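Before any comments, here is the structure.
Residue numbers (my numbering), protein chains in the order written: chain A, 61 to 168; chain B, 268 to 754.
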């Protein structure tokens with residue numbers, strides 16, 4: 061049995077699922093960031109799997125846009141992580157915590 | 268096409284990006300002695316004139332291998348975004364000198380606005396993603412830029428929700444790309460038009476994920492959880508920029524992706540996403556209005572109000588999906604009027620709160636006797652948000668609801684009924700605010716007037732609200748021209 065698109069989609073789906081559970085379930089800001097990174101990695105895996113196995117692509121050039129997409133996703137993920145960590149440091153300096161449960165000045 | 272022509276097509280955005288660089292560089296070389304506020308206004312003015320140049324010379328076309336286009340649709344949103352950026356800059360002059368990061372704030376504002384211009388021009392999934400993230404990340408930082416307790420909390424919450432939304436959006440994009448085999452919206456449209464019934468489920472999965480990601484930008488229920496906290500915690504100029512420009516850009520890209528990419532009305536999945544947006548619209552209006560009833564903080568109240576207004580625009584989106592010919596222009600027209608109205612409301616709150624030192628509703632008691640200008644403009648904008656003639660908000664609601672009813676779909680008529688009931692609910696808290704300003708006794712009698720720069724921004728918003736309310740045809744024509752491009 062060879063590894064095909066379906067297998068990659070399953071793995072990517074599982075990673076994305078774990079990521080979203082972590083991102084929405086964890087109460088620590090840094091842990092939420094880790095969940096988001098997992099989700100983005102699932103995106104990248106799926107992009108590359110489609111580029112390699114996808115039936116919809118007319119030629120290799122069309123599939124190549126997936127590789128380009130991956131590079132941009134990585135770049136944006138790095139930028140986002142930098143801002144999250146900076147903001148977490150700012151919040152920690154003022155509150156001495158990054159637990160989202162305790163960052164609750166504003167509540168309806 | 269040579270590179271000069273390509274850069275000519277993204278000229279307005281480029282002017283804003285270069286402006287951001289100049290603002291930062293100027294402050295590094297001569298710290299504290301450069302009028303960054305003036306430089307920002309100059310950059311925005313250049314972007315506005317450039318857009319005007321595109322508009323009147325008939326400059327249209329595609330650049331960068333078809334990833335970017337200039338058409339009436341992108342020009343419509345360029346005017347909306349540039350106007351918003353100009354108004355926010357004008358009104359935030361006095362506020363921006365109260366903290367250390369003034370140049371950074373204006374630079375981020377320019378970057379965010381520039382990326383929104385690109386976003387409205389994008390017709391390629393990769394380009395849309397990059398423009399969306401550039402504008403979002405700049406806004407995350409702006410939300411926390413005052414570095415106080417509430418601001419940093421707002422920034423962190425906005426940032427974490429935004430990061431999750433972006434990842435969800437991407438997952439949807441990957442499915443769209445993997446199914447259609449192209450990142451271009453036109454290619455995706457051609458793929459959807461084939462109407463392969465076996466692909467209905469994967470396509471639905473893809474567009475639900477995409478709608479979830481964009482729903483965060485548009486601030487519609489159930490992707491709204493960040494809105495009240497961020498509007499309350501973030502500095503008011505940032506909140507006004509988010510509530511107007513960011514929301515407009517969100518609806519622009521949704522119209523592009525869903526109407527162009529997934530096809531309005533004609534395609535086999537159109538009914539599915541029509542109902543999706545119908546549910547979002549009903550939930551947004553109900554939740555936003557019921558939430559706003561209880562608020563005593565005006566920023567939080569405006570936060571909930573903006574969720575409800577997004578619901579009104581989403582009624583137009585549902586009509587678009589159901590094949591209404593008036594739908595797309597209705598969404599654009601509503602956004603145009605919403606910009607003037609909400610900017611007027613937010614910027615008066617900025618001016619007044621700074622003066623009163625409080626953004627509680629009770630502080631607005633008797634404002635009409637203390638600052639007649641601010642109070643009457645705020646009252647006008649609140650009436651327009653309610654939808655009372657002869658203001659712009661009234662015409663916009665009639666236009667969008669009419670578009671929905673004309674489709675003759677029973678569920679859309681029911682949706683409009685819900686929207687009308689919600690308008691009645693919203694009248695309670697908008698008019699309560701007006702009553703507080705006019706009838707209640709002020710805490711102290713000292714009078715004040717906004718600065719001239721702020722007065723200019725407020726007057727522009729008020730004139731916009733009245734003008735469109737009395738003579739709606741110019742904006743309507745512009746919206747219809749812009750919507751025609753998409754078909």
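Virtual Cβ for every residue (Gly too), placed ideally from N, Cα, C.
Every value quoted in this text rests on a predicted model; they were computed, and no experiment measured them.
Contacts of residue i in chain A (Cβ-Cβ under 7 Å)
i, result
"residue 496 of chain B", "166"
"residue 411 of chain B", "147, 150"
"residue 414 of chain B", "150"
"residue 488 of chain B", "Within chain A, no residue comes near residue 488 of chain B; the closest Cβ sits about 14 Å away, beyond 7 Å."
Contacting residues, own chain, Cβ-Cβ under 8 Å from residue i (five flanking each side not counted)
i, result
"residue 237 of chain B", "Since the first residue of chain B shown is 268 and the last is 754, residue 237 of chain B is not available in this structure."
"residue 485 of chain B", "514, 517, 518, 521, 577, 580, 581"
"residue 145 of chain A", "90, 93"
"residue 591 of chain B", "532, 597, 670, 671, 673, 674"
"residue 154 of chain A", "none"
"residue 435 of chain B", "476, 479, 480"
"residue 560 of chain B", "692, 695, 696"
6 Å CB neighbourhood of residue i in its chain, flanking five on each side removed
i, result
"residue 508 of chain B", "355"
"residue 491 of chain B", "574"
"residue 666 of chain B", "597, 600"
"residue 330 of chain B", "273, 276"
"residue 382 of chain B", "398, 401, 402"
"residue 123 of chain A", "111, 117"
"residue 505 of chain B", "409, 410"
Listed by chain order, chain A residues near residue i by CB distance under 9 Å
i, result
"residue 396 of chain B", "129, 132, 133, 136"
"residue 518 of chain B", "Within chain A, no residue comes near residue 518 of chain B; the closest Cβ sits about 22 Å away, beyond 9 Å."
"residue 686 of chain B", "Under the 9 Å cutoff, chain A gives no residues; its nearest Cβ is about 23 Å from residue 686 of chain B."
"residue 290 of chain B", "Result: empty, since nearest Cβ-Cβ is about 19 Å, beyond 9 Å."
Classification of residue i by the beta-carbon crowding that lies within 10 angstroms, buried from 16 upward
i, result
"residue 305 of chain B", "exposed"
"residue 674 of chain B", "buried"
"residue 597 of chain B", "buried"
"residue 496 of chain B", "buried"
"residue 467 of chain B", "exposed"
"residue 104 of chain A", "buried"
"residue 714 of chain B", "exposed"
"residue 360 of chain B", "buried"
"residue 127 of chain A", "exposed"
"residue 689 of chain B", "buried"
"residue 99 of chain A", "buried"
"residue 295 of chain B", "exposed"
"residue 757 of chain B", "Outside the displayed range of chain B (268 to 754) lies residue 757 of chain B, so it cannot be described from this structure."
"residue 488 of chain B", "buried"
"residue 325 of chain B", "exposed"
"residue 367 of chain B", "exposed"
"residue 711 of chain B", "exposed"
"residue 134 of chain A", "exposed"
"residue 702 of chain B", "exposed"
"residue 493 of chain B", "buried"
"residue 364 of chain B", "exposed"
"residue 362 of chain B", "buried"
Cross-chain neighbours of residue i in chain B, by beta carbon under 8 Å
i, result
"residue 163 of chain A", "420, 423, 424"
"residue 125 of chain A", "393, 444, 449, 450"
"residue 121 of chain A", "In chain order: nothing, as chain B lies at least about 11 Å away."
Amino acids of chain B, ordered along the chain, whose beta-carbon sits closer than 7 Å to that of residue i
i, result
"residue 139 of chain A", "404"
"residue 23 of chain A", "Lying outside 61 to 168, the shown extent of chain A, residue 23 of chain A is not represented and no answer is given."
"residue 92 of chain A", "427"
"residue 63 of chain A", "Chain B residues near residue 63 of chain A: none, gap ~17 Å exceeds 7 Å."
Same chain only: Cβ atoms within 7 Å of residue i, ignoring 5 sequence neighbours per side
i, result
"residue 397 of chain B", "none"
"residue 623 of chain B", "630"
"residue 130 of chain A", "104, 107, 108"
"residue 685 of chain B", "549, 552"
"residue 168 of chain A", "Summary for residue 168 of chain A: the model assigns pLDDT 46, below 50, so the residue's position carries little reliability; its value from the coordinates is reported in the next sentence. Cβ neighbours of residue 168 of chain A beyond the five flanking positions: none."
Neighbouring residues, chain B, relative to residue i (Cβ below 9 Å)
i, result
"residue 112 of chain A", "Within 9 Å Cβ-Cβ: nothing; residue 112 of chain A doesn't reach chain B, min ~11 Å."
Chain-ordered neighbours of residue i on chain A, where CB pairs are closer than 8 Å
i, result
"residue 438 of chain B", "76, 99, 102, 103, 106"
"residue 407 of chain B", "143, 147"
"residue 400 of chain B", "136, 139, 140"
Proximity test, residue i beta-carbon vs the ligand GDP heavy atom, cut-off 7 Å
i, result
"residue 378 of chain B", "With respect to the ligand GDP, the structure shown offers nothing to examine, as it has no ligands at all."
Which ranges does the beta strand (DSSP E) cover as unbroken runs of at least 3 residues, wholly within the segment 62-149 of chain A, from first to last along the chain? none
Positions along the segment 416-428 of chain B whose CB lies within less than 8 Å of some CB in chain A: 416, 417, 419, 420, 421, 422, 423, 424, 426, 427
Taking a Cβ distance cut-off of 8 Å, strictly less, list which residues of the segment 66-89 of chain A are near chain B, in chain order. 76, 79, 80, 83, 84, 89
Output the residue ranges of the alpha helix (DSSP H) runs that lie fully inside the segment 565-638 of chain B and measure 4 residues or longer, sorted by chain position. 565-588, 594-623, 634-637
Ordered list of alpha helix (DSSP H) runs contained in the segment 498-567 of chain B, each at least 4 residues: 503-508, 514-521, 537-560
Cβ-based contacts, 7 Å cut-off: residues of the segment 500-527 of chain B near chain A: 500
Contiguous alpha helix (DSSP H) assignments of at least 4 residues, all confined to the segment 672-739 of chain B: 677-706, 719-737
So within the segment 323-360 of chain B, which uninterrupted alpha helix (DSSP H) runs reach at least 4 residues, ignoring any that extend past its ends? 339-358
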